[in-house]
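Here's the structure, in structure tokens; my notes come after.
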Amino acid sequence: MKYLYFVAAFCLGALVPVATAATTDLKLKEALQKTIKNNPELLEYDYKIRAAGALIEQAEFSANPRVSAEIENFAGSGRLEGISNSQLTVSFSQLIELGDKRQLRVKAATEKEKAQRAEFEYRQIEVLAETTQRFYDILKLQQVAHTSERQIQRTERLIKVAQERVEAGAVPKSEVIRIKLQLERQYAFSDELNGKLKKQQAELASMWAGELNFTRVSGDFTFPLSLPEKANVLSAVNRAPEYLRLLDSEQLLQAQARALAADSKSDITVGVGARYNNEFDDVGLIVQASMPLQFTDPNVGRIKQSRLLHQSILAQQKQVRQQLKSLALSLVHSLQTHQSYLQKINQRLMPLSEQLLEKTQQGYARGTHSLLQVLDAQTELAKIEYEKISRQHAIYSDIIELERMTGQPFLGVQQ
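Numbering (mature numbering (1 follows the signal peptide of the UniProt record, and there is no 0)) for the sequence shown: -21 to -1, 1 to 394.
Below is the structure:
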């Protein structure tokens, strides 16, 4: 399976020292490095894989030979009184597994270990996608906070203009109060953003169970961005972790079913030994062979269960594959919608809103426009700026979700 860009980032990042505690800016590459190295859930898989490997060792085990000793015809009555007529038998026996039990048992254990290793890769994709999403959530808030600061600066400049007009007797003092009220709302919103930033920074640091030793993330929403093609997305569905999990489960169930079928076959125990007759002072060899008579299959219930689970897996494969295709297509359409709207913002809405604010500010200074018109123009520009950030973030979020869903790189590492 092709590794995600997350893993590539880790490999490349091995050449770059991880940010120290003194560093206040965090790059995506560093966040992914920390996650791969210290995420508690991913670290747990190392033990799970080794535990599965131990079961292979257990499956290779063959039964040890047995030694037995038997004394008979002693301490009885008549001729069997005492030990003069006793017999001593010493024998060695060995269970011989038939039907390739050992090989099939090892094969089933090996498939389980392979499934555990594959699950680690699938889960790694999901965990790193979550880290990436949290990184860009913070980046969005940082840009919103920067936009909020620009809005505050506009309002502070407007207060100066309003005070000049009040001093000139052109407008009442209430206009300054009205602007100050608007400014206080903006200050409160800025404080709220700072609180949300700290919360999301802590949530990002939790992905590697680390201390919060950064104050901001370093990056940008890079545009123009090449969106994934529909054909490539549908093709990637065939390598989606959720779908591959079912294929791995099918292989594991088949291996376990073959091991169960072999286990239903009787094994044979053979032995050899010697018998000493005290009465005649003679020794003779003995040969033993035994096997159970299995009139019924001891694994009939387990085999039936395995067959039903296999049928369920086959049914799920088709349904999950179709479901993933539908979800992938919905994300492709969502990406196209967001990109189209973002283009309208950049080409039409943003220039018009900037022009509107400029004209109303000039008109307010001349006395041809009211304060409400200026505030309305400022609010309109701020909405467009926020909408631009939201659309950029939505595009990145959809692509990250596609990568999480398919396990394939569509975005690439953003420095």
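Each residue gets a CB set at the ideal place from its N, CA and C atoms; glycine is no exception.
Query, Result
"Three-pair Cβ contact test at 8 Å for the stretch 150 to 158 versus the stretch 350 to 360", "yes"
"The stretch 35 to 51 contacting the stretch 222 to 232, beta-carbon criterion three pairs below 8 Å", "no"
"Closest residue to residue 375 among 76, 108 and 290 (Cα-Cα distance)", "108"
"Three-state secondary structure (DSSP) of residue 40", "coil"
"Cα-Cα separation, residue 153 to residue 133", "19 Å"
"Inter-residue Cα distance where the pair is residue 221 and residue 167", "44 Å"
"Distance, residue 287 Cα to residue 190 Cα", "48 Å"
"At least 3 beta-carbon pairs within less than 8 Å: the stretch 260 to 279 vs the stretch 326 to 340", "no"
"Identified DSSP bridge partners for residue 255", "67 and 262"
"CB contact flag (residue 195, residue 117, <9 Å)", "yes"
"Close beta carbons around residue 379, own chain, < 6 Å, minus the five adjacent residues each side", "108, 111 and 112"
"Residue interval of the alpha helix (DSSP H) (run including residue 244)", "That residue, residue 244, is in no alpha helix (DSSP H); it is neither H nor E in DSSP."
"Nearest neighbour of residue 95, chosen from 67, 142, 131 and 23 [CA to CA]", "23"
"6 Å Cβ shell around residue 269 - same chain, five flanking residues per side excluded", "248"
"Three-state secondary structure assigned by DSSP to residue 379", "helix"
"Extent of the continuous alpha helix (DSSP H) to which residue 197 belongs", "First-last for residue 197: 195 to 197, but that is the beta strand (DSSP E), not the alpha helix (DSSP H)."
"Cβ pair residue 236, residue 285 closer than 9 Å", "yes"
"Residues bridged to residue 4 [DSSP beta-bridge criterion]", "195"
"Supposed close pair residue 384, residue 308 - CB separation, criterion 8 Å", "Wrong, their Cβ atoms sit about 11 Å apart, outside the cutoff."
"Element boundaries [beta strand (DSSP E), containing residue 51]", "45 to 51"
"Beta-bridge pairing of residue 268 - partner residues as DSSP gives them", "249"
"Length of the line joining the Cα atoms of residue 115 and residue 142", "41 Å"
"Between the CA atoms of residue 300 and residue 386 - distance to the nearest angstrom", "14 Å"
"Between the CA atoms of residue 234 and residue 313 - distance to the nearest angstrom", "42 Å"
"Rounded Cβ spacing between residue 75 and residue 246 (contact assumed at less than 8 Å)", "6 Å"
"Contact set for residue 17: own chain, Cβ-Cβ below 7 Å, skip 5 residues either direction", "187, 188 and 189"
"For residue 75: DSSP bridge partner residues", "247"
"Beta-carbon contacts of residue 169 that lie in its chain and below 6 Å, excluding the five residues immediately before and after", "127"
"Coil, strand or helix - residue 168 by DSSP", "helix"
"Nearest candidate by alpha-carbon position, reference residue 89, set 219, 123, 238 and 71", "238"
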